[in-house]
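Working notes for the structure below.
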Amino acid sequence: MKVLEADFVQGFIRMCSDGWERGWHERNGGNLSYRLKAEEVTEIEDDLNEDGQWQPIGADVPGLANEFFLVTGSGKYFRNVSLAPEDCLALIELDPAGAHYRLRWGLKNGGRPTSELPSHLMNHEVKKAASGGRHRVIYHAHPTNVIALTFVLPLTDEVFTRELWEMATECPVVFPDGIGVVGWMVPGGRDIAVATSKLMEKYDVAVWAHHGMFCSGEDFDLTFGLMHTVEKSAEILVKTLSMRPDKRQTISPQNFRDLAADFGVKLPERFLYEK
Ligand code: 2HA
Ligand code: ZN
């Protein structure tokens, strides 16, 4: 089968278009990666090339040895993925040490995988282990309202989680483990990848202050839906704070405990502090 005919490639492309349409991918902002299933590699094997040279990843990810990933290209625009997928996307294979990658398909006019490849792969390694292999998608976007909140809220996991949970009843059910926050750091390198992947041991969402957000999930729908839910909640918080600095009423810690009991989720008590 041609790479472009595979369902996972079509799902990947649709997610890029959806993110572009939400306004989360100005210029070349954001990046997406997907860890292929063994049967998906078999399905497209005939359409892969062998000419790619092994290149250093910039991080060691032995837990991802020999895995294949579909990733957006560095400097490529989400706007263009559906129009020119073979130019904008890269299908890469990792070596047996998880230290190098080589291109097997895509980037037909040259280029490199996403500048955030170390963060994507370190997050994949952590989430693959933490989810028993179920998580396959790592998504980085620049959603406006979450970024705005990083200028006015304290940059703690506890405050971001609690404030965003309070903005929509679905939130604690969609991200019951909470949200991690990374203070401002230089993007693109190993240090921010280490800080983010540490948070991903506990959470499916990590906010990068004054930059954007990372989400992890099992498939494209769940991962996009997670980004969308968090950003929607942030939008409600921005609107609320813009109308008045305090809330007249909100969802209380006891309301959250009642919700958790009925919906069968565990909400860590450290997010249910008294204000
Ligand atoms: O692709 O979003 O963080 C550009 C970025 C880097
Ligand atoms: Zn970014």
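At position 107 of the sequence shown (counting the first as 1) the number is 1309 in my numbering, and the numbers step up by one without a gap. Glycine included, each C-beta is placed from N, C-alpha and C at the ideal position.
- Glu1242 and Pro1287 have their C-alpha atoms roughly 18 Å apart.
- Distance check between Phe1362 and each of Ala1411, His1344, Asp1423, Gln1451 places Ala1411 closest, using alpha-carbon atoms only.
- Exclusion of the five residues before and after Asp1220 leaves Phe1426 as the residues of its chain whose Cβ lies within less than 8 Å of its Cβ.
- Not one heavy atom of the ligand ZN falls within 7 Å of the beta-carbon of His1322.
- The residue among Ala1261, Leu1319, Lys1278, Arg1281 with its C-alpha nearest the C-alpha of Ile1294 is Leu1319.
- When secondary structure is reduced to three states using DSSP, Leu1272 falls in the strand class.
- The beta carbons of Leu1234 and Phe1214 sit closer together than 8 Å.
- Taking Arg1336 as the centre and dropping the five residues before and after it, the same chain places the C-beta of Glu1420 closer than 8 Å to its C-beta, in chain order.
- Under a 10 Å Cβ-count criterion, Gly1277 is classified as exposed, with fewer than 16 other Cβ atoms of the shown protein chains found around its own Cβ.
- Judged by DSSP in its simplified three-state form, Pro1345 adopts coil rather than helix or strand.
- In the displayed model, Asn1233 falls within a strand according to three-state DSSP.
- In terms of side-chain proximity, the C-beta atom of Pro1345 is found no nearer than 7 Å to any non-hydrogen atom of the ligand ZN.
- DSSP places Pro1258 within a strand segment (E or B) once states are collapsed to three.
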